[in-house]
Amino acid sequence: MRIMVVKSYHEMSKKAANMVASQVVLKPDSIIGLATGETPLGMYDELVKMYTAGIVDFSEASTFNLDEYCGISKDNPQSYFYYMAKKLFDHININRNKINIPNGMAKDVEKECIEYDEKIKSAGGIDIQILGIGRNGHIGFNEPDIKFESRTHLVNLDEDTIIANSRFFDSIDEVPTKAISMGIKNIMHAEKIVLLANGVEKANAIYKTIKGKITPEVPASILQLHRDVVIMMDEDAASMIGDSIYED
Ligand code: GLP
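This is how it looks when you write it as structure tokens:
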């Protein structure tokens, strides 16, 4: 596990964007695993800037998003599909046929999950996976007590997650209670993982992820076993881990 503590959200976003861009420059047909939520917004802004400046070309790259809410359509502004379009895809030259996001409106969810796993496999697996982290230590929508061997699956969202995500909705009653999420196995199979965290509300989850025991109660703790993972955070998110593991 490589721990990087940076001064600000802006610095974290720039460094994360550089990691994604370097991956695509070195391997133009890279398979990129993407996350939603507030955390990666700055990284997406930076990637759009880099594309606009001609630094990176996404025309051959493919993307797989971690998750999508169930029961809301692609054109609903609360959907992760809509989020990705507005924050990244509408502003770069990604091939629309190479964008993959679970279909939250699928009639047969089990089939949707199996097909999503197959698509990841036939694309050749994920080269770089971007992750955020929930306050409860979730990654994607892999909530506490997840089975580490899970692949893409239907999730019942934790109450803590519903409360945390209600900030994006008009009322808590509108927050979907189910989602489709890549599983821990999909995430752990990525060649490289970059987990981003900022803000003091993530400090406890980060502490448990890095220094706690590996347990399904803290889904992100499994990352301790991945061979190439960078946990990058601002000083607030790092505030519980102590000085010993500060990189710079
Ligand atoms: C959401 C997403 C995760 C995200 C996490 C943290 O529920 N499913 O992929 O990493 O919660 O979100 P935020 O970055 O808004 O704190």
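Residue numbering for the sequence shown follows the working numbering, starting at 26 and increasing by one per position. A virtual CB, placed ideally from N, CA and C, is assigned to each residue, including glycine.
Consult DSSP for residue i and reduce its assignment to one of helix, strand or coil.
i, result
"Phe-114", "helix"
"Asp-273", "With a pLDDT of 41 at Asp-273, under the threshold of 50, the predicted position of this residue should be treated as unreliable, though the coordinate-derived value follows. Here Asp-273 sits in coil by DSSP."
"Thr-64", "coil"
"Gln-103", "coil"
"Ala-222", "strand"
"Thr-88", "strand"
"Ser-206", "strand"
"Asn-211", "helix"
"Glu-199", "helix"
Once the 5 residues before and after residue i are set aside, which same chain residues still bring their CB inside 7 Å of it?
i, result
"Asp-100", "Tyr-107"
Look at the Cβ atom of residue i, then the Cβ atom of residue j, and state whether they are nearer than 9 Å.
i, j, result
"Pro-65", "Gly-157", "yes"
"Ile-231", "Gln-154", "no"
"Ser-87", "Asn-125", "yes"
"Met-130", "Cys-95", "yes"
"Ser-206", "Thr-177", "yes"
"Ile-151", "Phe-89", "yes"
"Ser-46", "Ile-80", "Reading the sequence as shown, one finds Ala at residue 46 and not Ser. A contact, by the Cβ cut-off of 9 Å."
"Ile-197", "Ile-56", "no"
So residue i is in the alpha helix (DSSP H); what residue range does that whole segment cover?
i, result
"Asn-229", "228-236"
"Met-44", "34-51"
"Ala-148", "134-148"
"Ala-189", "184-190"
Excluding the 5 residues preceding and the 5 following residue i in the sequence, name in chain order all residues of the same chain whose CB lies nearer than 8 Å to its CB.
i, result
"Glu-272", "With a pLDDT of 47 at Glu-272, under the threshold of 50, the predicted position of this residue should be treated as unreliable, and no value is reported."
"Ser-264", "Val-225, Ala-228"
"Pro-169", "Asn-161, Gly-162, His-163, Asp-183, Pro-241, Glu-242, Val-243, Pro-244"
Leaving aside the five residues before and after residue i along the sequence, list all residues of the same chain whose C-beta is less than 6 Å from its C-beta, in chain order.
i, result
"Asp-261", "Gly-224, Val-225"
"Pro-244", "Gly-162, His-163, Ile-164, Asn-167, Ile-171"
"Phe-83", "Ile-117, Asn-118, Ile-119"
"Met-44", "Val-219"
Using DSSP's beta-bridge definition, name the partner residues of residue i.
i, result
"Val-73", "In the DSSP output, where bridge partners are listed per residue, Val-73 has none listed."
"Arg-27", "Val-255"
"Gly-267", "Answer is none; Gly-267 lacks a bridge partner."
"Glu-93", "Ile-205"
"Lys-217", "Ile-153"
"Asn-125", "Phe-89"
"Ile-164", "Asn-167"
What are the boundary residues of the beta strand (DSSP E) that residue i is part of?
i, result
"Asn-181", "178-181"
"Leu-59", "56-59"
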